[in-house]
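Worksheet for the structure shown next.
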Ligand SMILES: [Zn+2]
Ligand SMILES: [Zn+2]
């Protein structure tokens, strides 16, 4: 595992006035999961303030990420910004001298990922008959006819014998 030093805080040497950490962290360094539904489009910008409080160590600040998503309805890819302006974590016990903020930053972004990816709230999706992206143009299929959609018919014609 390769951690970005921006996210590693030496607890022993934490100055009483606190510590500012600002910069870019890569998806790799965050061990950010990536699949067809979403991934990080570019490095994440963090702007953090770490300070000593009575109960432990407090990390506050901002996270800005750009996600690359695939729309659940029309399957096109689009970018979606995640802007967290008020993150806050309190670390009460840490076994080591180095406090690693990687996990906290990654989880903050993951929690902000929407459950459903939509390129726009008015996305019209794909035609179930011919697969045409209806945001681009209408295909003219009569979608109430009830006959087998072409997309499924094409699957029936696949030859798996070999
Ligand atoms: Zn869409
Ligand atoms: Zn169609």
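In our numbering, the protein residues as written are -13 to 148.
Using N, Cα and C, we set each Cβ at its ideal position, and we do this for glycine too.
Whole-angstrom distance between residue j and residue i, CA atom to CA atom
i, j, result
"residue 145", "residue 17", "39 Å"
"residue 142", "residue 98", "40 Å"
"residue 149", "residue 117", "Given that the chain is displayed from residue -13 to residue 148, the structure contains no residue 149 and the question cannot be resolved."
"residue 73", "residue 27", "21 Å"
"residue 3", "residue 38", "8 Å"
"residue -11", "residue 84", "12 Å"
"residue 88", "residue 11", "9 Å"
"residue 111", "residue 119", "6 Å"
"residue -2", "residue 9", "22 Å"
"residue 36", "residue 14", "23 Å"
"residue 57", "residue 106", "9 Å"
"residue 32", "residue 60", "32 Å"
Beta bridge counterpart(s) of residue i as assigned by DSSP
i, result
"residue 8", "33"
"residue 67", "52"
Inter-residue CB distance, residue i and residue j (contact presumed, cutoff 8 Å)
i, j, result
"residue 55", "residue 103", "5 Å"
Residue i Cβ short of 7 Å to ligand 1 heavy atom set
i, result
"residue 109", "yes"
Near ligand 2: residue i beta-carbon under 7 Å from a heavy atom
i, result
"residue 125", "yes"
"residue 118", "yes"
> Per the contact definition of three or more C-beta pairs closer than 8 Å, is the stretch 58 to 65 in contact with the stretch 76 to 93?
Replying inline: no
> Pairing CB atoms from the stretch 42 to 57 with CB atoms from the stretch 92 to 106, are three or more of them under 8 Å?
Replying inline: yes
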